[in-house]
Amino acid sequence: MGVYETQGFKLDNTGKRVVVDPVCRIEGHLRVEVNLDSNNVIRNAVSTGTMWRGLEVILKGRDPRDAWAFTERICGVCTGTHALTSVRAVEDALAIRIPENANTIRNLMQLNLYIHDHLVHFYHLHALDWVDVVSALQADPKATSTLAQSISSWPLSSPGYFRDIQNRLKKFVESGQLGPFMNGYWGNPAYKLPPEANLMAVAHYLEALDFQKEIVKVHTIFGGKNPHPNWLVGGVPCAINLEGTGAVGAINMERLNLVKSIIDRCTEFVEQVYIPDLLAIGSFYKGWLHGGGLSSKNLLSYGDIPQLANDYSAANLLLPRGAIINGKLDEIHPVDLKDPEQIQEFVAHSWYKYPDETQGLHPFDGVTEPNFVLGPNTKGTKTNIKELDEGAKYSWIKAPRWRGHAMEVGPLARMVLGYLQPKAYPEIHGLVDGALKHLDVPVTALFSTLGRTAARGLETAYCVKLQSQQFDKLMANLKAGDLNTANIEKWEPSTWPKEAQGAGFTEAPRGALGHWIRIKDTKIDNYQCVVPTTWNGGPRDHKGQIGAFEASLMDTPVAKADEPLEILRTLHSFDPCLACSTHVMSPDGQEMTSVKVR
Amino acid sequence: MNPKKILVLGIGNLLWADEGFGVRCVEALNASWQFPPQVTLMDGGTQGLYLLPYVQEADCLLVFDAVDYGDTPGDLREVVGDQVPRFMGAKKMSLHQTGFQEVLMAAELTGKLPAELVLIGVQPEELEDFGGSLRDVVKAQMAPALNLALDWLERWGAAGRLRESEAEAITDAALAIDLYEGERPPADQAYRLGDARFLNLEAA
């Protein structure tokens with residue numbers, strides 16, 4: 006492909022090629038290839054999902070009321086979000102209205118999932134891109150204690166506590182089993198934290214590991230079964246009886262009080278641990294503002310958390326909906342999932358076949374026909390690709406576009422959309438503004454890897470607030486005597502029209518998620534999912550426009566070409582989950598990321 | 007003394023043919039047998055860290071899974087103790103194993119790895135059949151696998167008895183094996199193959 010310009014980036018694939026495959030610490034399978042110039046700056050980036058996805062086709066002919074149970078199985082991280090999106094799609098198709106309580110309980114489950122997912126992402130999947138675990142062994146526990154107490158009133162902060170943590174870590178490292186800390190590029194110059202900050206972060210890594218299990222109990226309470234909660238077209242599958250007793254049967258006050266106590270503990274942990282850590286780590290990295298990619302130009306969110314049931318208009322959503330294009334931050338475009346001109350998927354560079362590959366297809370008309378062919382400039386063979394040819398087809402992910410634009414989705418999109426609408430979203434505006442002031446950086450700093458990571462944390466702080474509000478709303482409604490949780494008027498297929506179609510949306514923790522369903526003679530006729538990592542991780546389109554991952558790597562300097570820490574840091578900041586944008590299978594025996602420099 | 011807390015976990019993605027072995031085993035165990043209250047049977051699917059709390063709480067953990075040991079398809083193996091985490095990570099054929107190995111490491115890091123670990127694994131025949139179910143050689147090993155598990159449970163002081171009434175299903179009814187197999191769309195409508203798993207296979 007040589008050299009060309011697109012979306013304000015100058016792509017040049019003539020330099021040294023670095024291949025990272027697979028990108029570890031993500032759910033799923035992702036490979037990236039970049040070209041470095043003579044100064045080790047990334048001048049071309051190629052992101053590819055290396056596995057075929059085909060959830061849509063196995064749903065054909067099945068009962069629409071069961072689709073959620075299948076979609077829940079695509080992926081191990083957004084389980085509940087897929088299920089929620091699926092029941093919303095079916096409800097939309099069949100014009101089923103859900104009770105107020107059902108909406109609120111779904112909101113609580115969705116917010117709870119955000120908090121869990123964001124926290125686990127920050128501490129267990131992403132922190133190690135910023136935190137040098139081995140350096141924590143050099144820390145002075147006393148100075149660590151001073152540091153911790155200077156940023157938060159969290160009680161676990163004594164010198165003795167940090168000394169214990171350090172000893173545990175030491176034992177772990179000395180036993181040679183670095184465990185979850187394997188595969189780190191420890192000592193790489195791209196790590197900027199002093200040893201004490203590293204030790205504090207390791208301590209909180211362990212605390213978060215212990216705490217995360219408490220968070221998900223909310224799902225067990227409302228969803229019954231765990232780890233795969235139950236969902237229901239028409240509402241939620243849990244009855245409520247405030248006077249009841251015990252831990253089984255209808256939800257009673259005892260269990261609602263447990264929900265309340267978990268919500269309070271989430272708030273405490275997020276406000277006293279997560280946010281202070283984020284700001285502390287951010288303050289050491291605020292000079293490293295690479296990785297913005299498309300975020301300063303094109304952002305998309307479908308919005309979520311409807312305040313009132315059955316109203317999915319933008320004004321009723323507590324997480325904002327909208328699209329920003331071409332960097333025009335003063336113009337927020339409305340988004341409609343059913344408009345055939347808005348969301349379209351392209352396959353010119355994807356391993357699928359369309360009749361005309363210069364045209365995109367709206368998900369209602371989506372086609373998923375595989376076509377695995379390699380371009381003439383591929384190096385290697387079909388079973389052992391050394392270098393992909395990005396001039397041809399090169400990914401199992403399709404390239405979705407909004408009105409023809411490649412978009413970034415995720416917490417950064419949601420927080421920027423909220424920040425830009427202070428009247429409608431004063432809490433989001435306040436959180437973002439506060440963080441920018443604390444770090445003393447301009448708004449443009451948001452458009453970076455660090456900004457993406459910060460947005461996720463700030464969103465978590467917003468979600469714990471919403472979680473409390475939604476809980477109060479639920480209690481008020483229950484106490485007013487409304488115990489209804491499900492509408493089964495249209496449960497029987499005999500009440501359905503002969504043909505129907507609908508779209509369901511959520512904001513998954515990692516971004517906009519849509520399911521589109523066509524029902525014919527009471528069975529699923531077509532089902533399409535466009536998942537967040539398809540938006541972010543998709544390849545080029547027929548015009549050569551690059552996707553969000555690819556754009557985010559552009560122009561980033563890499564300290565050591567054979568230790569692509571900067572690449573991982575930026576990709577992880579999206580919280581990618583390839584398991585559902587492709588499927589859940591990885592190649593034999595591949596334990597370590599291989600990095601090839603050619 | 008309180009009885010040992012026991013977790014019987016089936017893991018894997020049931021949408022991928024023999025990958026569903028673990029989940030199908032725990033589903034079948036639950037359908038035919040009942041156990042004392044200290045035993046939890048769980049369909050773990052492909053959930054990673056979500057499973058950690060259940061693992062941390064257990065004194066004894068028994069896992070059913072499809073594992074690539076390099077054996078003949080359908081071969082059953084029992085792996086015990088320290089060997090379990092190593093086997094889970096030896097040859098990862100699926101993402102859920104990466105996730106589950108992480109769960110075991112996290113349990114260890116927090117000092118809460120179950121004292122007894124058992125993995126009952128089958129060598130899969132076919133994974134590349136999206137929407138498909140267990141192959142015959144693998145399905146035939148469900149009964150022997152269940153017997154091995156029942157022996158362990160008995161050893162751990164939690165012998166099972168045959169169920170007298172119908173059990174509450176562990177997986178959602180829509181995914182129960184009969185419905186799952188019976189309602190599968192025909193191959194001409196629903197492409198079934200995985201990709202060639204080409205990248206990395208011969209990476210050298």
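So the protein sequences, as listed, match chains P and G.
For the first sequence, this note's numbering gives the first residue as 6, with consecutive numbering after it.
For the second sequence, this note's numbering gives the first residue as 7, with consecutive numbering after it.
No residue lacks a Cβ here, since even glycine has one placed at the ideal position from N, Cα and C.
Since the structure is predicted, the reported quantities are computational estimates derived from the model, not experimental observations.
- Among the CB atoms of chain P, none fall inside 7 Å of the CB of G:Y186.
- Counting every other CB atom within 10 Å of its CB across the protein chains shown gives P:I493 a total below 16, marking it as exposed.
- In this structure, the CA atom of P:A206 is about 14 Å from the CA atom of P:T151.
- Around the beta-carbon of G:P42, fewer than 16 other beta-carbon atoms lie within 10 Å, marking it exposed.
- A direct Cα-to-Cα measurement between P:L113 and P:F476 gives close to 7 Å.
- Of the candidates P:A556, P:I522 and P:L576, P:I522 places its Cα closest to the Cα of P:D71.
- Taking C-beta separations shorter than 8 Å and ignoring five residues to either side along the sequence, the partners of P:V378 in its chain run W356, A397 and K398, following chain order.
- For a Cβ distance threshold of 8 Å, residue set N19, L20, L21, G51, T52 and L181 of chain G lies close to P:R78, ordered along the chain.
- Within the stretch 489 to 502 of chain P, contact with chain G at the beta-carbon level (separation under 8 Å) is assigned to no residue.
- Not flagged as an interface residue toward chain P: G:G26, since no C-beta distance is shorter than 7 Å.
- Going by beta carbons, P:P311 and P:L322 fall inside the 7 Å limit.
- With 16 or more other Cβ atoms from the protein chains shown falling within 10 Å of its own Cβ, P:S162 counts as buried.
- For secondary structure counted as the alpha helix (DSSP H) over 4 or more consecutive residues, the stretch 141 to 216 of chain P holds these complete runs in sequence order: 146 to 156 and 164 to 179.
- For the C-beta of P:F177, the chain G residues within less than 8 Å are, from N- to C-terminus, L115.
- Residues of chain G with a Cβ closer than 7 Å to the Cβ of P:V125 are, in chain order, L55.
- Against chain P, the beta carbon of G:D88 has no neighbour under 7 Å; the closest one sits roughly 11 Å away.
- Contacts with chain P at 7 Å (Cβ-Cβ) include G:L58.
- G:E170 sits exposed, since fewer than 16 C-beta atoms from the chains shown fall within 10 Å of its C-beta.
- Counting along the chain, P:Y532 sits inside the beta strand (DSSP E) bounded by residues K528 to V535.
- Around the Cβ of G:S38, a 10 Å sphere holds fewer than 16 other Cβ atoms; the residue is exposed.
- Among the residues facing chain G, P:I529 is not included, as its CB has no counterpart in that chain under 7 Å away.
- Burial of P:P104 is indicated by the presence of at least 16 other C-beta atoms within 10 angstroms of its C-beta.
- Fully contained in the stretch 293 to 326 of chain P are the following beta strand (DSSP E) runs of length 3 or more, in chain order: 304 to 306, 309 to 311 and 322 to 324.
- Secondary structure note for G:I183: its alpha helix (DSSP H) is the uninterrupted segment I183 to G188.
- Nearest neighbour of G:D74 by Cα position, chosen from G:L67, G:L119, G:V85 and G:A64, turns out to be G:V85.
- Contact with chain P is absent for G:E63, since none of that chain's Cβ atoms lies less than 7 Å from the residue's Cβ.
- Inter-segment contact for the stretch 473 to 488 of chain P and the stretch 203 to 221 of chain P is absent: fewer than three beta-carbon pairs are separated by less than 8 Å.
- Beta bridge pairing from DSSP links P:A404 with P:F351.
- Residues of chain G whose Cβ lies closer than 7 Å to the Cβ of P:R67 are, in chain order, E189.
- Between the alpha carbons of P:G327 and G:D142 lies a gap of roughly 50 Å.
- Residue contact check for G:A72 against chain P: no CB pair falls below 7 Å.
- The contact set of P:Q217 on chain G, defined by CB atoms closer than 7 Å, consists of L55 in chain order.
- Note on G:D49: 16 or more other CB atoms within 10 angstroms of its CB, so buried under the neighbour-count rule.
- With distances taken between CA atoms, P:I330 lies nearest to P:L304 out of P:Y317, P:A353, P:V352 and P:L304.
- From the beta-carbon of P:P232, the residues of chain G found nearer than 9 Å are M48, D49, G50, G51, Q53, Y56, L57 and Y60.
- Secondary structure note for P:I522: its beta strand (DSSP E) is the uninterrupted segment G516 to K525.
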